[in-house]
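Student:
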Amino acid sequence: MADANKDMDPKEDILKKQGTLNPHPETVTDELFANHDFFDPHDIAQVKYEMLRRVCKDGWSIVQAARTFGFSRVAFYRAKTAFEKAGLPGLLPLRPGPRRPHKLSPEILLYIKESLADKTVTSSKELSKKIEQQFKISIHPRTLERAIARLKKKRQ
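Residue numbers (my numbering): 1434 to 1589.
#1: Is DSSP giving LYS1521 helix, strand or coil here?
#2: In angstroms, rounded to a whole number, what distance separates the CA positions of HIS1573 and VAL1554?
#3: Going by CA-CA distance only, name the one from ARG1579, TYR1544 and LEU1524 that's closest to GLU1565.
#4: Should the segment 1511-1524 be called in touch with the segment 1456-1472, which here means at least 3 C-beta pairs below 8 Å?
#5: Taking 8 Å as the limit between beta carbons, can you name the residues of its chain near SER1548, skipping five residues before and five after?
#6: Between the C-alpha atoms of ILE1477 and ALA1550, what's the straight-line distance to the nearest angstrom?
#7: Short check: CB of ARG1506 to CB of ILE1495, under 8 Å?
#8: Quick one: what's got a C-beta closer than 6 Å to THR1501's C-beta in the same chain, skipping five residues either side?
What follows is the structure in structure tokens.
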């Protein structure tokens, strides 16, 4: 199977690593992006900025701009709000959050294992309260339920 990144130019590769690669550059039909090398339909921040500029400075309708730049009206309003709050950085996609339960330190995991073995707790809600008392850290009961399920899965 061919490597998907093999066909990607270096700038696209950088945009992808930064999380700013437009997943649908083919939907950008604005003439600036078609006729000028400076305008890159792969750069999501640039596409969103130009969409906002077309409405605010050139007087385009929101529907026309959204369609021309490959977005919905809802996406336009979200971009506008983000830009008004944070400027250009607001147009960048948000970084994803943690992929693992970062509050569950090895010490807390050991406490969970011991509590399960001793059968001193009957619910994840109760365990959450005990952890908060013991470690001064709040962990949602659902996070504990998932951690317990992973621990049980490891034992099998």
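By construction, the Cβ of each residue, glycine as well, lies at the ideal position given by its N, Cα and C atoms.
Tutor: Result, derived from the coordinates:
#1: The sequence given here places Leu at residue 1521; Lys does not occur at that position. Helix at LEU1521.
#2: A direct Cα-Cα distance of roughly 15 Å separates HIS1573 from VAL1554.
#3: TYR1544
#4: no
#5: VAL1554, LEU1560 and LYS1563
#6: 51 Å
#7: Closer than 8 Å, so yes.
#8: THR1462 and ASP1463
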